[in-house]
Amino acid sequence: MKIFLKELELSINDDVYFDSRLGGIYAGLECGEYQEFLFEDSLGTVSHSFIIRPINERLKNKTNYYDLTTPYGYGGPLILECNDQDRSKLIEHFFRAFADYCSENNIVSEFIRFHPLADNANDFGSFYSAEIHNYTVATNLFSYDDPFMSEFSKSCRKNVRRGLRAGLDYVIDTNPTSLEEFYKIYYETMDRNQAKDIYYFDEKYFEKFIETMPENIITCKVIYQDKTIAMGFYLRTDEILHTHLSGTLSDYLDLSPAYILRYGLLQWGLENGIKLIHHGGGTTGSEKDSLFLFKKQFGRNTILPFYLGKKIWNQSVYDQLVKINEVNPKTGFFPAYRSLDYYQNR
Numbered sequence: 000m001k002i003f004l005k006e007l008e009l010s011i012n013d014d015v016y017f018d019s020r021l022g023g024i025y026a027g028l029e030c031g032e033y034q035e036f037l038f039e040d041s042l043g044t045v046s047h048s049f050i051i052r053p054i055n056e057r058l059k060n061k062t063n064y065y066d067l068t069t070p071y072g073y074g075g076p077l078i079l080e081c082n083d084q085d086r087s088k089l090i091e092h093f094f095r096a097f098a099d100y101c102s103e104n105n106i107v108s109e110f111i112r113f114h115p116l117a118d119n120a121n122d123f124g125s126f127y128s129a130e131i132h133n134y135t136v137a138t139n140l141f142s143y144d145d146p147f148m149s150e151f152s153k154s155c156r157k158n159v160r161r162g163l164r165a166g167l168d169y170v171i172d173t174n175p176t177s178l179e180e181f182y183k184i185y186y187e188t189m190d191r192n193q194a195k196d197i198y199y200f201d202e203k204y205f206e207k208f209i210e211t212m213p214e215n216i217i218t219c220k221v222i223y224q225d226k227t228i229a230m231g232f233y234l235r236t237d238e239i240l241h242t243h244l245s246g247t248l249s250d251y252l253d254l255s256p257a258y259i260l261r262y263g264l265l266q267w268g269l270e271n272g273i274k275l276i277h278h279g280g281g282t283t284g285s286e287k288d289s290l291f292l293f294k295k296q297f298g299r300n301t302i303l304p305f306y307l308g309k310k311i312w313n314q315s316v317y318d319q320l321v322k323i324n325e326v327n328p329k330t331g332f333f334p335a336y337r338s339l340d341y342y343q344n345r
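Be aware that the sequence shown starts at 0, since it is given in numbering that gives the first Met the number 0, and climbs by one per residue.
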């Protein structure tokens, strides 16, 4: 697996997943509040954004407790400024200050989805017992003269050419004023796949993107015989495109329009200075995960490790919450005391 992050010199600080507006959208879904902990000292600056959620259970001491989680997607602490020789000391100083914050604010636990493109698990993973969950896929537009030939697999290129010959075309909208057409196709796709409830984002979810960060979203639609048969919704910054959600009408699956969506995104990216298209990973940690294998067709050479981090900031309260909820602390879900809510809503 070849990784080109250093060569790309991405402006990761500006990535959409570290944007407070996106964090605010997901804070609403988590019934929490988006916050940023900014640490500064003579060695440098670290930013850590998260959603702080109230814990509903009340203990005998009647104290209000909270936990922290990464907004949907990716995040974790991020070094904004630092000399290389001071990096390890800055990280230690940050962690001590953040531990004080968690103690003062009754934080019980924290769950982090480290950003694969930021490589911040390399800096902070040891403090969060970080482990690889799976791998994500990206299309590298910067390092290849022809990323279509270098990054797209042979079978993928064949499907793209077959679709174009069949009359499929794509249209990119860099300033969508509505996502209604998209979410109708998306909902049909979720119905067909018998998706879990958490993937049925409501209409207000899509409207918030239009209202709060329209300059960071684009759509791509596949047109066949004057009809939109597939559509994708993507998040962008100046150098990075993240695939977010997509869908295809059932009657046109045989035309494989999903390949034209990715091809259209590639062409637009090449024309607009995009260095990397990040497709994300699969739904499991298996190398045979079907979604991962599908995405891998668009990034043969650019596979990135995706780390999860976990931290119990108050072990005593954590244990009490696990006991109150009558759950197995080794359930595999973190934090364990939220596992009942998790599985009941799936």
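A virtual CB, placed ideally from N, CA and C, is assigned to each residue, including glycine.
Going by DSSP, which residues form a beta bridge with Glu109?
Leu67, Lys310, per the DSSP bridge assignment.
Along the chain, where does the beta strand (DSSP E) that runs through Tyr185 open and close?
Taken as a continuous stretch (DSSP letters only), Tyr185 belongs to no beta strand (DSSP E), being part of the alpha helix (DSSP H) at 179–191.
Taking the C-alpha atoms as reference points, what is the distance between Phe49 and Glu56?
21 Å
Our contact map puts Gly279 next to Lys294 with C-beta atoms below 8 Å; I'd like the distance itself, whole angstroms only.
7 Å
If you pair each beta-carbon of the segment 153–160 with each one of the segment 179–190, do three or more pairs fall below 8 Å?
no
Is it buried or exposed, Cys30, if we count other Cβ atoms within 10 angstroms and call 16 or more buried?
exposed
Going by the DSSP bridge assignment, what does Thr218 pair with across the sheet?
Partner(s): Asp172, Phe232.
Quick check on the burial criterion: 16 or more other C-beta atoms within 10 angstroms. Buried or exposed for Ala117?
Flag for Ala117 reads buried.
Three-state secondary structure (DSSP) of Val15
helix
Going by the beta-carbon positions, is the gap between Leu260 and Ile276 smaller than 8 Å?
Taking 8 Å as the cut-off, the beta carbon of Leu260 is found no closer than this to the beta carbon of Ile276.
One or two residues paired with His92 in a DSSP bridge
Bridge partners of His92: none, in fact.
Within 8 Å, strictly: CB atoms of Ile131 and Trp312
No, Cβ-Cβ distance for Ile131 and Trp312 is not below 8 Å.
Nearest candidate by alpha-carbon position, reference Gly75, set Lys309, Asn327, Leu320
Lys309
Other residues of its chain near Pro70: CB distance less than 6 Å, five sequence neighbours each side excluded:
Gly22, Tyr25, Ile50
Would you identify the three-state DSSP class for Phe333, choosing helix, strand or coil?
Note: Phe333 maps to coil in three-state DSSP.
Own chain, CB closer than 7 Å to Tyr16, minus 5 neighbours either side, in chain order:
Annotation for Tyr16: Gly72, Tyr73, Gly74, His114 place their beta carbon closer than 7 Å to its own, counting only its chain and skipping 5 residues before and after.
Starting from the Cα of Glu109, find the closest Cα among Ser142, Asn133, Gly27, Tyr64 and give me that residue.
Tyr64
Pick from Leu290, Ile323, Ser315, Thr330 that is closest to Asn133, judged by C-alpha positions
Leu290
Phe297 vs Thr138 beta-carbon contact at 8 Å
yes
Quick one, are the C-beta atoms of Pro175 and Ile209 less than 8 Å apart?
yes
Just to confirm the assignment, what range does the alpha helix (DSSP H) spanning Pro256 have?
Segment 256–270, the alpha helix (DSSP H) holding Pro256.
Mapping DSSP to helix, strand and coil, what is Ser249?
helix
Report the rounded CA-to-CA distance for Arg337 versus Leu28, giving the unit in angstroms.
15 Å
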